[in-house]
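Protein chains in written order, with my numbering: chain A, 33 to 499; chain B, 612 to 1105.
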Amino acid sequence: MHKDINRRDFLRRLGLGGAATAAALAGCDNVAEKTAGKLAASADDIPTDRMTYRTNPSTGDKVSLLGYGCMRWPTVDGSSVRDGESDIDQQMVNRLVDTAIAHGVNYFDTSPAYCKGHSEHATGIALARHPRESFFIATKLSNFAPETWPREKSIAMYRNSLKELQTDYIDYMLLHAIGMGEGMEEYENRYVRNGMLDFLMKEREAGRIRNLGFSYHGDIKVFDYLLSRHDEYKWDFVQIQLNYVDWKHAKEVNPRNTDAEYLYNELASRGIPAIIMEPLLGGRLSNVPDHIVSRLKQREPERSVASWAFRYAGTHPGVLTVLSGMTYMEHLADNLASFCPLKPLTDDELGFLYDTADLMMQCPTVPCNDCKYCMPCPYGLDIPGVLLHYNKCVNEGNVPRSSQDPGYARERRAFLVGYDRSVPRLRQASHCIGCGQCAPHCPQSIDIPAELHRIDNFVEQLKQNTI
Amino acid sequence: MLRKIRIALSAAAFATVTLLFLDFTGTAHRWLGWMAKIQFLPALMALNIGVIAGLVLLTLVFGRVYCSVICPLGVMQDIFGYFGKKAKKNRYSYSRPLNWLRYAMLAVLAIAIAAGVGAVVSLLGPYSAYGRMAQTLLQPVWMWCNNLMAAMAERVDSYAFYTVDVWMKGGITLAVASVTLIVLAILSWRNGRTYCNTICPVGTVLGFLSRFSLLRPVIDTSKCNGCGLCARNCKAACINSREHRIDYSRCVACMDCIGKCHKNAISYTVRRRPATDSGETAAPSDGARRSFLAVTAVTAATAVASAAGKTVDGGLAAITAKQAPRRRTPIVPPGAVSLDNLTERCTACQLCVAACPNGVLRPSTDLARLMKPESSYERGYCRPECTRCSEVCPAGAIRPISRADKSSTRIGHAVWVKANCVPLTDGVECGNCARHCPSGAILMVASDAANPESVKIPVVNTERCIGCGACENLCPASPFSAIYVEGNERHSLI
């Protein structure tokens, strides 16, 4: 039935909830107006009944526009699990989940792969303390490793997810990151040849999976192919990367990516709700160059830099929920401020953000996520060390363009002194011989030797004062 | 009062010269670099007539104030002497001058300069002796303190301090400096300015002049009661209180005696008659002097600790530390003009070594150029924007050179070592030498002339090579680079 609705209907139905909430709030509740959307010192300052919801057209689920990404749970030593070595801080996870649910967050997105495989377990414990019908669980079939491709292994992974999450049904089930690696070939191996896609569709019919969809990275052919089979598979949702830089500049950030504008419009034209990942571009839209900070802050002094990216993602009416991996209570509080309720961006503000994206592209950071797949470099370089130092300097405004810049001397010192601090001399870019052995390992497809030579060249210009 | 002025001035001068040897940032030299250039022996080597004339005039007017104020080695001895006097008051006594020794040392120095035997000049010169101590013994401490500050600055996200490498630049130089320090410390603790009045050639020259100085301390015989307190406090051992005579060739115009005299019998005043004073015959030399000569003659060598291969954690490949290749001709920095010019003029004060920010300069271990600077590129290379050594050299051994001139001065030439070259050994693209050559002297050509697709190897256009060592330093082959620099005996322009 839902396949009969046209695009406009779909957008209207999906957007209705959010628009209504925002309209109802505009002017009627002065207390809420004063606090909503502003930088919140703590989650306690945010009203608990103002969350913006979107309606899933196929199941009628009222999903909170802020979804909780469960891949960055905090550890007992205080860092995010992805960075640190220690175990998940379950107490903190419980507190985060409780606070989120208290403020109306009801979508929790995890995977058997997250947090070194412990995310589902920790999320399950935290959620089991709440009534099952008060939240939606999203998890994925993360059968990346070839040894998990056989049907029984993949089914075991799925069954284990149910067990870890302490539930007998999954609200949102995803084929995880289709388009990665070998593209179509890998997709076929993971979901088609082993019959897993059929299996999951059967589970959906049986009601143990309420919504079936996929998340997409990389090869656009797989995305297009899966959508072309929409009539057959009836995707209930699709998870895509969307943010104000990726909207038009995805190829510049990462040549393998596709502009979010295309992805989103493809989904919207078929009436498939979009779930948004990487609304912050892996944190790079919250940690931005100083001149971008002042630009954004000047316009909305009381909102955080990150809030622009969240509001941007939430403003698109075809978006069901925007995922954020919130490690700390401060992240959660700031995001709640953006979504309780969402104040959609005006056309003027959208234009302002696209201009901001154009500005950011003028001194772009290297899209290195410090995954260290390129390491060890056989010639001893610390590749992520060099790239991250460069990015840090871009963001802090310590990459002078000319020796005539007013802050040139200070910026030059910060760049060069910081360089020696971040990376030992013998591991710096000047030692890159350009053998190219690193490049094929980079999941972001960075041309590492070219970037290192560019940075080395820049360092030389700084040292010789010839910039 | 005069004594206080002397102490204040000498403290300032001493701190300044010391700072020049400690400072690795080049900041101190911009303002205070002249302090090194007014040192007597370096000025003489640099044929800096103005400075020499000024110092001669200074001595002819005020006596040997140079030895009390400007000379860092003299002030250093006064510091040891101060503690010596604390341990035992009135410890000095008059002794006869050892003129034969003084003039012999001066003659040795003159002959050494004329004959170009630099080691003698560098061993005897007071300023260079002090420089060696400051550079080898004090600068590492200074740098470690700096590194501590840098670590703290890093924690508060400040860029005020940066970490520097502290490394053993020359074992022989360190040994010579240590021995000089110990011997001088003992001598000055016990006997004050023994070195200055027996061995130091600068002291001898200035002493010869100061006999005729306009101003001098004079004993008023009408007031003097012959108590001898002045003589027992004279670190130069030059006051013959019994005969009411002062040996002005040895007096360093420290003004200590003026204040010591209870009768105000000594005053610093204008001379009236030409003096005919100075000891005639040789006094028995004491053991300490002999030991000094013996010990300075012996130079103990300690092994240079080579940087061991760094142990690294999982994600980083181990890096083998570079070793210096055997160079047939040593490399000397731009501005040195030629190996001979540097060897002739250099007093081995280590000021350039202390100032080099790139870890290039280090004292030579070669006997003919002992402790004089030479370049090597394991730790860094002679960077195009740096002319630091040429700016600080007080002796004209490394003459001032502009960045532009430096970039076109051929101090050496690169030599390719086929056996080490990474494209041939590892089969990968490289060209790091060519990429970093500031003069474009390295070209990458196919290793197999018949096959243009074969891996590329570097060839050196010697005409354009300036010998800066970027190629050698950044070559991925280690411990021995696949391309290294041979020095040019005489520098030339491209």
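We treat Cβ as the ideally placed atom computed from N, Cα and C, and that holds for glycine.
Given a limit of 7 angstroms on CB to CB distance, which residues of the region 756 to 786 of chain B reach chain A? Glu765, Tyr770, Tyr773 and Thr774
query: Under 9 angstroms, do Ile252 of chain A and Thr290 of chain A count as touching if we go by C-beta distance?
result: Against the first sequence, residue 252 of chain A aligns to sequence position 220. Against the first sequence, residue 290 of chain A aligns to sequence position 258. For Ile252 of chain A and Thr290 of chain A, yes; Cβs fall inside 9 angstroms.
message: Is Tyr705 of chain B near the ligand PLP - that is, is its Cβ less than 8 angstroms away from at least one heavy atom of it?
response: No copy of the ligand PLP occurs in the structure displayed, which carries no ligand at all.
Q. Can you tell which of A:Trp181, A:Lys495 and A:Ala471 has the C-alpha that lies nearest to the C-alpha of Leu484 of chain A?
A. Within the first sequence, the letter at position 452 stands for residue 484 of chain A. It is A:Ala471 whose Cα lies nearest to the Cα of Leu484 of chain A.
Separation of Cys963 of chain B from Pro936 of chain B, as counted between CA atoms: By one-based count along the second sequence, residue 936 of chain B stands at place 325. By one-based count along the second sequence, residue 963 of chain B stands at place 352. In a straight line, the C-alpha of Pro936 of chain B is about 22 angstroms away from that of Cys963 of chain B.
Touching or not, the region 360 to 378 of chain A and the region 393 to 402 of chain A, by the rule of three or more beta carbon pairs under 8 angstroms? no
Return the chain-ordered ranges of every alpha helix (DSSP H) run that is complete within the region 1020 to 1082 of chain B and spans a minimum of 4 residues. 1033 to 1036 and 1043 to 1047
Which two residues bound the contiguous alpha helix (DSSP H) that contains Val777 of chain B?
The residue you call residue 777 of chain B lines up with position 166 of the second sequence. Taken as a continuous stretch (DSSP letters only), Val777 of chain B belongs to no alpha helix (DSSP H), as it is neither H nor E.
task: State the Cα-Cα distance for the pair Ala740 of chain B and Arg956 of chain B, rounded to the nearest angstrom.
output: Counted from its first residue, the second sequence places residue 740 of chain B at position 129. Counted from its first residue, the second sequence places residue 956 of chain B at position 345. The straight-line gap from Cα to Cα measures roughly 15 angstroms.
| Gly742 of chain B to Ala764 of chain B span [Cα, whole Å] | Within the second sequence, residue 742 of chain B is the residue found at index 131, counting from 1. Within the second sequence, residue 764 of chain B is the residue found at index 153, counting from 1. Taking the straight line joining both Cα atoms gives about 30 angstroms.
Discussion item. Quick check on Lys172 of chain A: does DSSP put it in helix, strand or coil?
Written reply: On the first sequence, position 140 is the one that residue 172 of chain A refers to. Lys172 of chain A falls in the strand class under three-state DSSP.
request  = Report yes if the CB atom of Val270 of chain A is closer than 9 angstroms to the CB atom of Tyr219 of chain A, and no otherwise.
outcome  = Position 238 of the first sequence holds residue 270 of chain A. Position 187 of the first sequence holds residue 219 of chain A. No, the pair does not count as a contact, with Cβ atoms beyond the cut-off.
Local Cβ density within 10 Å of Asp379 of chain A, reported as buried at 16 or more and exposed below that: The count along the first sequence starts at 1 and reaches residue 379 of chain A at position 347. Exposed, since its Cβ has fewer than 16 Cβ neighbours within 10 Å.
query: Counting only beta-carbon atoms, is Pro812 of chain B nearer than 9 angstroms to chain A?
result: Position 201 of the second sequence, counted from the start, is the residue given in the question as residue 812 of chain B. So, not an interface residue.
What does Arg486 of chain A touch in chain B if you count any residue whose Cβ is under 9 angstroms from its own?
For this step, residue 486 of chain A is matched to residue 454 along the first sequence. None at all; the shortest Cβ gap to chain B is about 12 angstroms.
- Item | Per-residue DSSP class, three states only, for Gln271 of chain A | Against the first sequence, residue 271 of chain A aligns to sequence position 239. Gln271 of chain A falls in the strand class under three-state DSSP.
In terms of alpha-carbon separation, which member of B:Ala1093, B:Val794, B:Trp711 and B:Phe625 lies closest to Pro812 of chain B? If you number the second sequence from 1, residue 812 of chain B lands on position 201. Residue B:Trp711 is the option with its Cα nearest to Pro812 of chain B.
| field | chain C contact for Asn497 of chain A (CB, 9 angstroms cutoff) | value | No chain C is part of this structure, whose protein chains are labelled A and B.
- prompt: Alpha carbon to alpha carbon, what distance is there between Pro751 of chain B and Tyr992 of chain B?
  reply: Looking up residue 992 of chain B in the second sequence gives position 381. Looking up residue 751 of chain B in the second sequence gives position 140. For Tyr992 of chain B and Pro751 of chain B, the distance between alpha carbons rounds to 21 angstroms.
Fill in: Leu328 of chain A in three-state terms, based on DSSP
Reading the first sequence from its first residue, position 296 is the one you call residue 328 of chain A. In this structure, Leu328 of chain A counts as helix in the three-state DSSP scheme.
(request) Spell out the partners DSSP gives Lys94 of chain A in its beta bridges. (result) One-based indexing of the first sequence puts residue 94 of chain A at position 62. Paired residues: A:Thr87.
If you follow the alpha helix (DSSP H) that Met358 of chain A is part of, which residue opens it and which one closes it?
In the first sequence, counting from the first residue as 1, residue 358 of chain A sits at position 326. Run containing Met358 of chain A: none; DSSP gives neither H nor E here.
Please list, in chain order, all residues of the same chain as Ala918 of chain B whose beta carbon is under 8 angstroms from its beta carbon, the five residues on each side excluded. Taking the second sequence and counting its residues from 1, one reaches residue 918 of chain B at position 307. Any answer about Ala918 of chain B is weak, because its pLDDT of 28 lies below 50 and its placement is not dependable; what the coordinates show is given next. Excluding sequence neighbours, Ala918 of chain B sits near Trp778 and Ala932.
Could you check how far apart the C-beta atoms of Tyr139 of chain A and Ser96 of chain A are, in whole angstroms? I think they sit under 8 angstroms. Your numbering for residue 139 of chain A matches position 107 in the first sequence. Your numbering for residue 96 of chain A matches position 64 in the first sequence. That pair is a contact at about 6 angstroms.
Identify every run of the alpha helix (DSSP H) within the region 945 to 979 of chain B, keeping only runs that are complete inside it and at least 4 residues long; order them along the chain. 950 to 956 and 962 to 966
Practice item. Count the other CB atoms, across all protein chains shown, that sit within 10 Å of the CB of Leu98 of chain A; report buried if there are 16 or more and exposed otherwise. Key: Stepping through the first sequence from its first residue, residue 98 of chain A is reached at position 66. Classification for Leu98 of chain A: buried.
Check your understanding: Of all Cβ atoms in chain A, is any one closer than 9 angstroms to the Cβ of Ile1077 of chain B?
Key -> The residue labelled residue 1077 of chain B in the question sits at position 466 within the second sequence. Chain A contact via Cβ: absent.
Beta-carbon proximity list for Gly59 of chain A, same chain, < 7 angstroms, skipping 5 on both sides: On the first sequence, residue 59 of chain A is found 27 positions in, with the first residue counted as 1. Residue placement at Gly59 of chain A is flagged as unreliable, the pLDDT there being 38, under the threshold of 50; the coordinate-derived value follows with that caveat. Excluding sequence neighbours, Gly59 of chain A sits near nothing in its chain.
Worksheet item: By the 10 Å Cβ neighbour count, where 16 or more other Cβ atoms means buried, how is Glu989 of chain B classified, buried or exposed?
Response: Mapped onto the second sequence, residue 989 of chain B falls at position 378. Buried.
Here's the rule I'm using: 16 or more other beta-carbon atoms within 10 Å means buried, otherwise exposed. How should Ala761 of chain B be labelled?
Within the second sequence, residue 761 of chain B is the residue found at index 150, counting from 1. Buried, because 16 or more other Cβ atoms sit within 10 Å of the Cβ of Ala761 of chain B.
query: Leaving out the 5 sequence neighbours to the left and right, which residues in its chain are closer than 6 angstroms to Thr142 of chain A when beta-carbon positions are compared?
result: Translated into the one-based positions of the first sequence, residue 142 of chain A becomes position 110. Here the set comprises Cys102, Ser151, Glu152, Thr155 and Thr171.
In chain order, what residues of the same chain have a beta carbon less than 8 angstroms from the beta carbon of Lys983 of chain B, not counting five sequence neighbours either side?
-> The residue labelled residue 983 of chain B in the question sits at position 372 within the second sequence. Only Gly729, Ser733, Leu953, Thr954, Cys957, Ala959, Pro974, Ser975 and Ala1008 meet the Cβ criterion.
* To do: Check Cys616 of chain B in the structure and name its three-state DSSP category.
  => On the second sequence, residue 616 of chain B is found 5 positions in, with the first residue counted as 1. At residue 616 of chain B the sequence reads Ile, which differs from the Cys that was named. Reduced to three states, the DSSP call for Ile616 of chain B is helix.
Can you pull the DSSP bridge partners for Arg880 of chain B?
As a working mapping, residue 880 of chain B is identified with position 269 in the second sequence. Note on residue identity: the sequence assigns Thr, not Arg, to residue 880 of chain B. Thr880 of chain B pairs with B:Arg827.
| field | Which listed residue (B:Arg938, B:Trp642, B:His1047 and B:Ala1045) has its alpha carbon closest to that of Ser987 of chain B | value | Along the second sequence, one-based indexing puts residue 987 of chain B at 376. Selected option, being the one with the closest Cα: B:Arg938.
| In the structure shown, what three-state DSSP assignment does Ile1012 of chain B receive? | Locating residue 1012 of chain B in the second sequence gives position 401, counting from the first residue. It is coil, neither helix nor strand.
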